[in-house]
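**Student:**
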Amino acid sequence: MNEIKKIEWKTLTGKKVTVTVGLKITKALGCMVTVRPEIEGISTDIGSGNPRRVSGLTNNCVATIGKLALNEENCKKVEDAIEDIKQQPAWIKEQEQIKAAQKTEKEAYANKKANGFCPRCQSYCFGDCQGQR
Ligand SMILES: [Zn+2]
Numbered sequence: 227m228n229e230i231k232k233i234e235w236k237t238l239t240g241k242k243v244t245v246t247v248g249l250k251i252t253k254a255l256g257c258m259v260t261v262r263p264e265i266e267g268i269s270t271d272i273g274s275g276n277p278r279r280v281s282g283l284t285n286n287c288v289a290t291i292g293k294l295a296l297n298e299e300n301c302k303k304v305e306d307a308i309e310d311i312k313q314q315p316a317w318i319k320e321q322e323q324i325k326a327a328q329k330t331e332k333e334a335y336a337n338k339k340a341n342g343f344c345p346r347c348q349s350y351c352f353g354d355c356q357g358q359r
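Here it is, written out as structure tokens:
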């Protein structure tokens, strides 16, 4: 975890809510954006992850993170923090690497196809499998 943003607010009943947005970098999995909410006085795990927009919540809430409900203002703050975290060089670099890998894979496949590889039977049948039906 190298970059952290904290968003804080108070619920209608005065409980302090803290949502910590961070960028976790692991060797095995690469970069991950983590979103972890905490509510003052609640020690049980209320879940984590990106805010999920849902309808039908009370008190003008528009989204949830685990069991935490968020109104539009706070949801936007968390979403903005996630976008900010994604401006980190480590995240951008990884996205570029993923894109480059996908491009290479696509090109390799297009090249295979041009050389007679058949997507239908997954072999170099040069289209024979369909021609001999
Ligand atoms: Zn074939």
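Position one of the sequence shown corresponds to residue 227 (my numbering), numbered consecutively onward.
Yeah, the Cβ is synthetic: ideal placement off N, Cα and C, and Gly gets one too.
1. Do residue 268 and residue 241 come within 9 Å of each other at the CB atom, strictly closer than that value?
2. Hey, quick one: how far does the beta strand (DSSP E) through residue 244 stretch, first residue to last?
3. Give the residues whose C-beta lies closer than 5 Å to at least one heavy atom of ligand 2, in chain order.
4. Determine whether the beta carbon atoms of residue 300 and residue 245 lie at a separation below 9 Å.
5. What's the C-alpha gap between residue 308 and residue 315?
6. From this set, 233, 290, 335, which residue's C-alpha is nearest residue 275's C-alpha?
7. Rank 302, 305, 313, 270 by C-alpha distance to the C-alpha of residue 293 and give the top, closest one.
8. Name the two residues that bound the continuous beta strand (DSSP E) containing residue 362.
9. In whole angstroms, what separates the C-alpha of residue 258 from that of residue 305?
**Tutor:** With the structure as the only source:
1. Their beta carbons are under 9 Å apart, which means residue 241 touches residue 268 by this criterion.
2. 242-252 is the span of the beta strand (DSSP E), which, as asked, contains residue 244.
3. Absence of ligand 2 is noted for the structure shown, with ligand 1 being the only ligands found.
4. Yes, they are a contact pair.
5. Approximately 14 Å, taken between the alpha carbons.
6. The candidate whose alpha carbon is nearest that of residue 275 is 290.
7. Scanning 302, 305, 313, 270 for the CA closest to the CA of residue 293 turns up 270.
8. Here the chain comprises residues numbered 227 to 359, so residue 362 is not present and cannot be evaluated.
9. In this structure, the alpha-carbon of residue 258 lies about 15 Å from that of residue 305.
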